[in-house]
Structures are given as structure tokens and as C-alpha cells.
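Trainee: Mapping of the sequence shown onto the UniProt record's numbering: position 34 corresponds to residue 34, and the numbering continues sequentially without gaps. I have a structure I would like to understand better, so I am pasting it below and will then ask my questions one at a time.
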Amino acid sequence: MYQQICKLAIYSSFILFSGIVLPASVKEQMAESPVVKAAVEELVLANHILYDQNAVDGYGHISIRNPNNPNTFFLSRSIAPSVVTVDDIMEFDMDGKALNGDSRTAYGERFIHSGILRNRPDLNSVIHGHAAAVLPYGLTGTTLKPVFHMSAFLGEGAPIFEIREASSTNPDTDMFISNPQLGDALSKTMGLQYFILMRGHGYAAGGETIQKAVFRSIYAIQNAAIQSEAMKMGTVQYLTPLEASKSQDTIEKTISRPWQLWRDRVTKSSAAQP
Numbered sequence: 001m002y003q004q005i006c007k008l009a010i011y012s013s014f015i016l017f018s019g020i021v022l023p024a025s026v027k028e029q030m031a032e033s034p035v036v037k038a039a040v041e042e043l044v045l046a047n048h049i050l051y052d053q054n055a056v057d058g059y060g061h062i063s064i065r066n067p068n069n070p071n072t073f074f075l076s077r078s079i080a081p082s083v084v085t086v087d088d089i090m091e092f093d094m095d096g097k098a099l100n101g102d103s104r105t106a107y108g109e110r111f112i113h114s115g116i117l118r119n120r121p122d123l124n125s126v127i128h129g130h131a132a133a134v135l136p137y138g139l140t141g142t143t144l145k146p147v148f149h150m151s152a153f154l155g156e157g158a159p160i161f162e163i164r165e166a167s168s169t170n171p172d173t174d175m176f177i178s179n180p181q182l183g184d185a186l187s188k189t190m191g192l193q194y195f196i197l198m199r200g201h202g203y204a205a206g207g208e209t210i211q212k213a214v215f216r217s218i219y220a221i222q223n224a225a226i227q228s229e230a231m232k233m234g235t236v237q238y239l240t241p242l243e244a245s246k247s248q249d250t251i252e253k254t255i256s257r258p259w260q261l262w263r264d265r266v267t268k269s270s271a272a273q274p
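This is the structure:
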């Protein structure tokens with residue numbers, strides 16, 4: 001025991017005098033930085049909102065770029081979104097590697113987040129989910145396009161990621177974005193869009209903020225449901241590119257309104273639980 005204490009003291013002295021700075025944990029960063037604290041707390045809230053709005057279920061996840069370090073991002077450990085707390089948040093680099101010596105089980109598809117955040121510096125938050133309403137649009141060749149002003153961010157239509165093309169040497173994959181190469185391929189297919197479908201799998205959405213990413217996920221799913229119903233009735237009138245551009249500029253200035261509604265729903269629900 002005495003020898004172990006001595007070794008620890010020697011190691012600590014080495015760290016102190018050699019100038020080596022050990023990375024701060026997420027909790028330590030929150031204590032030191034109000035902006036990190038706010039980002040992590042909003043990330044937790046967003047997990048609960050996405051579940052409440054059926055954008056995710058037991059699977060799915062959302063990330064936020066570290067506001068103090070654009071080369072890292074925060075994401076929960078591998079648990080259901082509805083039960084995420086501050087204690088569950090991990091930090092990753094842009095290769096999807098867990099930082100700060102965190103050895104907890106991470107989401108296998110964290111590379112969706114690292115790929116998009118690495119290649120899209122304009123985006124700071126990424127969401128992945130498997131909402132049933134959007135899945136047919138990744139299977140049939142029918143493009144998911146904006147049918148109302150709330151989903152104007154879909155622009156001229158959501159691209160579709162085909163994992164077979166990204167895994168040409170072994171096209172029969174498990175459908176998961178499970179490495180940095182697939183994350184890069186996904187982000188390249190996404191291009192400058194905010195929403196992408198993944199054939200036989202789900203979707204990914206991005207936003208400059210958590211609130212925008214959540215907004216886009218929820219309303220892309222609503223758009224899919226409306227578009228599917230409209231196609232049963234006849235020829236669908238989609239937003240023109242200019243209508244979409246103007247509508248997006250107008251509606252996304254008001255995102256705080258639905259965000260307040262979604263936030264209050266989950267916070268009141270949590271408060272009501274024993």
C-alpha cells in the first residue's frame with residue numbers, strides 16, 4: 001500500500017512539473033465553462049424531446065459540437081434517449097474516439113455524428129433516428145420533398161445514402177454506420193443538405209444549433225407523413241426551390257416557439273413522475 005501511494009505521488013509530481021495537462025472530463029468542463037454547461041444540459045433536454053415527439057424511440061441519438069473546441073463533440077453513452085442524464089454524456093473526437101479515458105459503451109453509430117460534424121463546419125448538432133414515416137422514401141425512389149412551409153429546409157429533396165455503394169468490396173453489410181469511412185461517405189452524400197435518408201435504416205439531420213436540428217427532424221417526419229397521404233389523393237404540389245428558400249428563412253426565425261412547447265411538455269412530464 002505504501003509503495004502504491006509513493007508511485008502515485010511520483011506520477012502526480014511528474015504530471016505537475018512536466019507541464020502535461022490531463023483532459024478535463026465533461027463534468028469538469030461544465031463546472032469551468034457556462035457555455036459547455038448550457039450545451040450539455042440542452043443536449044439532455046433534446047434527447048427527451050426527440051423521444052416525446054416520436055423522432056426517436058429506444059434507438060436514436062443527438063450530438064452537439066463542443067462550444068469550446070470545434071474538434072470534439074458531446075454525445076450520450078449507449079442508452080435510450082428518454083433516460084439520458086448529464087452523467088451519461090461523453091466526449092468524442094472527429095474520428096469517433098471517446099476522450100478523457102471514458103471507457104463506457106458508446107453508440108456504435110457515433111460515426112454518423114463525427115462524419116457530418118467533421119465535414120460540415122456549418123453544423124453543430126446531428127440527430128439520427130429510424131422514424132417509420134420517412135423509411136419508404138429511402139426504399140422506393142420517391143423523393144422526400146417539402147410539401148409545406150415547416151419543412152422548407154428539405155430544399156429540392158432529401159438525398160439517400162446507399163451503404164452498398166460505400167461498401168463495394170463487401171456490399172452485404174449490417175446496415176450500420178460503424179466506422180469513420182462510412183461516416184465520411186454518409187456526409188458526402190448529404191452534401192450541403194440538412195436531412196438525409198439511409199436506405200433500409202433511417203435518417204440523419206443536422207442543424208447549426210440543437211434547436212434547429214430537433215426542429216428539422218420533427219418536421220421532416222411530419223412532411224413524410226403528409227406527402228405520403230397527399231400522393232394517395234393525386235398530384236402533389238411541392239414547394240418550389242424559391243418558395244422553400246424564402247419559407248425556411250422566415251420559419252426558422254421562430255424556432256424558439258415550438259422549442260418552448262416541446263421543452264415544457266417534457267419538463268412537466270418529468271416533474272409529474274414520482
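Cβ atoms here follow ideal geometry from the backbone N, Cα and C, with glycine treated the same way.
1) Nearest by alpha-carbon distance to residue 223: which of 267, 208, 153, 101 is it?
2) Between the region 238 to 255 and the region 164 to 173, are three or more C-beta pairs nearer than 8 Å?
3) Among the candidates 144, 187, 179, 194, whose CA atom is the shortest distance from the CA of residue 108?
4) What are the start and end residues of the beta strand (DSSP E) that includes residue 203?
5) Measuring CB to CB, does residue 43 end up less than 9 Å from residue 63?
6) Assuming residue 148 contacts residue 226 (C-beta within less than 8 Å), just tell me the rounded distance between them.
7) Could you pull out every residue in the same chain whose Cβ sits closer than 8 Å to the Cβ of residue 130, ignoring the five residues on either side in sequence?
8) For the region 80 to 88 and the region 111 to 121, state whether three or more C-beta atom pairs, one from each stretch, are separated by less than 8 Å.
9) Just list the alpha helix (DSSP H) runs in the region 32 to 61, keeping only unbroken ones of 4 residues or longer that don't cross its boundaries, in chain order.
10) To the nearest angstrom, how far is it from the Cα of residue 128 to the Cα of residue 95?
11) Considering only the beta carbon of each residue, do residue 262 and residue 102 sit closer than 9 Å?
12) If you count every other CB in all the chains shown that lies within 10 Å of the CB of residue 189, and 16 or more means buried, which is it?
13) Which class does residue 240 belong to by DSSP, given the choice of helix, strand or coil?
14) Please classify residue 134: does DSSP put it in a helix, a strand, or coil?
Mentor: To lay it out plainly:
1) The residue labelled residue 223 in the question sits at position 223 within the sequence shown. The option with the nearest alpha carbon to residue 223 is 153.
2) no
3) Working through the sequence shown from its first residue, we reach residue 108 at position 108. Distances from the alpha-carbon of residue 108 to those of 144, 187, 179, 194 put 179 closest.
4) Start at 1 with the first residue of the sequence shown, and residue 203 comes out as number 203. Where residue 203 is concerned, the enclosing beta strand (DSSP E) stretches over 202 to 207.
5) Locating residue 43 in the sequence shown gives position 43, where the first residue counts as 1. Locating residue 63 in the sequence shown gives position 63, where the first residue counts as 1. Judged by beta-carbon spacing, residue 63 lies within the 9 Å limit of residue 43, meaning their Cβ atoms are closer than that value.
6) The sequence position of residue 148 within the sequence shown is 148, counting from 1. The sequence position of residue 226 within the sequence shown is 226, counting from 1. About 7 Å separates the two Cβ atoms, so the contact holds.
7) Within the sequence shown, the letter at position 130 stands for residue 130. Excluding sequence neighbours, residue 130 sits near 56, 57, 59, 60, 201, 202, 203.
8) no
9) 34 to 52
10) Translated into positions along the sequence shown, residue 128 becomes position 128. Translated into positions along the sequence shown, residue 95 becomes position 95. Approximately 17 Å, taken between the alpha carbons.
11) As a first step, residue 262 is located in the sequence shown; it is residue number 262 there, counting from the start. As a first step, residue 102 is located in the sequence shown; it is residue number 102 there, counting from the start. Against a cut-off of 9 Å, the Cβ pair of residue 102 and residue 262 comes out as no contact.
12) Counted from its first residue, the sequence shown places residue 189 at position 189. Classification of residue 189: buried, given that the 10 Å Cβ count is 16 or more.
13) Within the sequence shown, numbered from 1, the residue matching residue 240 stands at position 240. Residue 240: coil per DSSP, three-state reduction.
14) On the sequence shown, residue 134 is found 134 positions in, with the first residue counted as 1. Helix at residue 134.
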